[in-house]
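J.: Numbering (my numbering), first residue to last: -5 to 185. Glycine included, each C-beta is placed from N, C-alpha and C at the ideal position. These numbers come from a predicted model, not from an experiment. Following this message is one structure expressed as structure tokens.
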């Protein structure tokens, strides 16, 4: 296992998966293995977390203080312009399938979804488990991969208590999901 000691090392560590493929979605469950990051100060840890999961710490703090605002998917799609404007034509059934597949924790994204499908408060996708919408649920543990989450598991000798997970919160649909919605509407994806 290779050890790194700079917060900036997280920039390169977060770019590629175990196979060397680029990771366009930093909250995908495919962070490379075989490394350890040792940091001396809290400020370094905060910087490293921001490199691994851009913006997620700020979103978490806004959520904890009750200042986080969410944006429904339909609102996000309705404000698109140019080549993405067509994404707003996606049907509710198609949304259910796209979100259920693209945002799932097992191969999609580890963020906990806080946004709704529309202004009425419709759940983002009925195809996702309820844990996907629960900030108290560790998305890695929900996958049934014991030991996969360093923040959530105790040390092997069980002398160190487990530390609570900082949830990766999703306050609005990302640009990658908007692109997936566009593909479906354009008929390039049959979801």
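Any chance the segment 160 to 174 sits against the segment 59 to 76, with 3 or more Cβ pairs inside 8 Å?
T.: yes
J.: Let me check understanding here. Comparing Cα to Cα, which of 25, 30, 32, 37 lies closest to residue 47?
T.: Indexing the chain shown from 1 puts residue 47 at position 53. Considering only alpha carbons, the answer is 25.
J.: With burial defined as no fewer than 16 other Cβ atoms inside 10 Å of the residue's Cβ, what is the status of residue 90: buried or exposed?
T.: Numbered from its first residue, the chain shown carries residue 90 at position 96. Buried, by the Cβ-count rule.
J.: Quick test of the definition: if touching needs 3 or more C-beta pairs under 8 Å, does the segment 33 to 47 touch the segment 85 to 100?
T.: no
J.: For residue 31, report the span of its beta strand (DSSP E) as first-last.
T.: By 1-based counting over the chain shown, the position of residue 31 is 37. Run containing residue 31: 29 to 31, per the beta strand (DSSP E) assignment.
J.: Classify residue 140 as helix, strand or coil using the three-state DSSP reduction.
T.: One-based indexing of the chain shown puts residue 140 at position 146. Residue confidence is low: residue 140 scores 46 on pLDDT, short of 50, so the model does not pin down where it sits. No coordinate-derived value is stated.
J.: Spatial neighbours of residue 51 within its chain, please: CB distance less than 7 Å, with the 5 preceding and 5 following residues excluded, ordered by chain position.
T.: Along the chain shown, one-based indexing puts residue 51 at 57. Around residue 51: 40, 43, 44.
J.: If you pair each beta-carbon of the segment 71 to 80 with each one of the segment 29 to 38, do three or more pairs fall below 8 Å?
T.: no
J.: Give the secondary structure of residue 97 by DSSP, where H, G and I count as helix, E and B as strand, and everything else as coil.
T.: Your numbering for residue 97 matches position 103 in the chain shown. Residue 97 falls in the coil class under three-state DSSP.
J.: Please classify residue 194 as buried or exposed, where buried requires at least 16 other C-beta atoms within 10 Å of its C-beta.
T.: Examination of residue 194 is not possible in this model, given that the chain is present from -5 through 185 alone.
J.: If you draw a straight line from the C-alpha of residue -1 to the C-alpha of residue 17, how long is it?
T.: In the chain shown, counting from the first residue as 1, residue -1 sits at position 5. In the chain shown, counting from the first residue as 1, residue 17 sits at position 23. Each residue's Cα considered, the two are about 22 Å apart.
J.: Can you list, in chain order, the residues of its chain with a C-beta nearer than 7 Å to that of residue 164? Leave out the 5 residues immediately preceding and following it.
T.: Against the chain shown, residue 164 aligns to sequence position 170. Cβ neighbours of residue 164 beyond the five flanking positions: 105, 106, 107, 108, 109.
J.: Have a look at residue 60 and residue 54 and give me their C-alpha separation to the nearest angstrom.
T.: Within the chain shown, numbered from 1, the residue matching residue 60 stands at position 66. Within the chain shown, numbered from 1, the residue matching residue 54 stands at position 60. The straight-line gap from Cα to Cα measures roughly 10 Å.
J.: Can you tell me which of the three DSSP states residue 189 falls into?
T.: What the structure shows of the chain is the stretch from -5 to 185, and residue 189 is not part of that stretch, so it cannot be assessed.
J.: Quick check on the DSSP output: the beta strand (DSSP E) that includes residue -2 runs from which residue to which?
T.: For the purposes of this step, residue -2 is identified with residue 4 of the chain shown, where counting begins at 1. Per DSSP, residue -2 belongs to the beta strand (DSSP E) from -4 to -2.
J.: Measure the Cβ-Cβ separation of residue 23 and residue 101 and say whether it is below 8 Å.
T.: If you number the chain shown from 1, residue 23 lands on position 29. If you number the chain shown from 1, residue 101 lands on position 107. A contact, by the Cβ cut-off of 8 Å.
J.: If you run the structure through DSSP and keep just helix, strand and coil, what is residue 78?
T.: The count along the chain shown starts at 1 and reaches residue 78 at position 84. In this structure, residue 78 counts as helix in the three-state DSSP scheme.
J.: Looking only at its chain, what residues have a beta carbon closer than 8 Å to the beta carbon of residue 144, apart from the 5 residues adjacent to it on each side?
T.: Position 150 of the chain shown, counting from 1, holds the residue named residue 144. In this prediction, residue 144 scores a pLDDT of 41, lower than 50, which makes its location untrustworthy; no coordinate-derived value is stated.
J.: Going along the chain, which residues of its own chain have a beta-carbon closer than 6 Å to the beta-carbon of residue 57, five neighbours each way excluded?
T.: Your numbering for residue 57 matches position 63 in the chain shown. Here the set comprises 163.
J.: Among 182, 161, 49, 1, which has the Cα closest to the Cα of residue 129?
T.: Here residue 129 refers to the residue found at position 135 of the chain shown. Comparing Cα positions, the closest option is 161.
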